[in-house]
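Peer 1: Here it is, the structure in full.
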Amino acid sequence: MIAVIFEAWVSEGRGDTYLTLAAALREDLERIEGFVSVERFQSLSDPGKLLSLSFWADEAAVARWRNHARHREAQATGRALVFAAYRLRVAAVVRDYGARERREQAPEDSRAFHAHGTPEAAAGDRRPPAQNNLA
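Shown next, in the form of structure tokens:
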């Protein structure tokens, strides 16, 4: 799985333009083979900053979207009219699990901690935590 993290600092008065462009592309996006999900967020500490977080099945899916004609047009519009600055990060997802599924993907130290309830127990010391400090 691939994560695409798009941080954008929107030019003054252009926030609605970005959201309109994104909404217009939504149906196209959902038809791209390998698209998993996308969410958009506005920074609480920097109101001019938006973040788009999307997930893709693989790099080929990201390439299909990157090269989609309407997406390329929107990119050009964004660069010319909407964004004061942006940063794009593309990352491979190392682990993907939740509270109730696929826990085998959790690192061993995390699984041990949650199975035994304390760092001491996870490390193999079975005495209660208060006694561990006296040893």
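Position one of the sequence shown corresponds to residue 1 (full-length UniProt numbering), numbered consecutively onward.
Note that beta-carbon positions come from the ideal geometry of N, C-alpha and C, so glycine has one too.
1) So, for Ala3: in the same chain, excluding its five sequence neighbours on each side, which residues have a beta-carbon less than 6 Å away from its beta-carbon?
2) Return the CA-CA distance between Leu53 and Leu81, expressed in angstroms with no decimal places.
3) Comparing C-alpha positions only, which one of Phe35, Ser45, Asp46 and Phe41 sits nearest to Val62?
4) Where does the unbroken beta strand (DSSP E) through Leu51 begin, and where does it stop?
5) May I have the straight-line CA-CA distance separating Ala22 from Arg31, to the nearest angstrom?
6) Within 10 Å of its beta-carbon, does Gly13 have 16 or more other beta-carbons around it, so buried, or fewer, so exposed?
7) So, helix, strand or coil for Ser45, using DSSP?
8) Tell me the rounded alpha-carbon separation between Asp28 and His68.
9) With 16 as the cutoff for other CB atoms within 10 Å, does Phe41 come out buried or exposed?
10) For Val62, report the span of its beta strand (DSSP E) as first-last.
11) Is it true that the CB of Ala115 sits closer than 7 Å to the CB of Trp9?
12) What does DSSP give as the partner residues of Glu7 in its beta bridges?
13) Can you tell me whether Gly24 is buried or exposed? The criterion is at least 16 other CB atoms within 10 Å of its CB, across all chains shown.
14) Taking just the CA atoms, how far does Leu88 sit from Leu44?
Peer 2: Taking the geometry as given:
1) In its chain, beyond the 5 residues on either side, Phe55, Ala91 and Val93 have a beta carbon closer than 6 Å to the beta carbon of Ala3.
2) The straight-line gap from Cα to Cα measures roughly 21 Å.
3) Comparing alpha-carbon positions, the option among Phe35, Ser45, Asp46 and Phe41 lying closest to Val62 turns out to be Phe35.
4) In the DSSP assignment, Leu51 falls within the unbroken beta strand (DSSP E) covering Lys49 to Trp56.
5) Rounded to the nearest angstrom, the two C-alpha atoms are 14 Å apart.
6) Exposed, by the Cβ-count rule.
7) The three-state reading of DSSP puts Ser45 in coil, since its state is none of H, G, I, E or B.
8) In a straight line, the C-alpha of Asp28 is about 9 Å away from that of His68.
9) Flag for Phe41 reads exposed.
10) Per DSSP, Val62 belongs to no beta strand (DSSP E); it is in the alpha helix (DSSP H), Glu59 to Arg66.
11) In this structure, Trp9 sits away from Ala115, with a CB-CB distance that is not shorter than 7 Å.
12) DSSP lists Leu51 and Arg87 as partners of Glu7.
13) For the sequence presented, residue 24 should be read as Ala rather than Gly. Ala24 is classed as exposed because its beta carbon has fewer than 16 other beta carbons within 10 Å across all chains shown.
14) Taking the straight line joining both Cα atoms gives about 20 Å.
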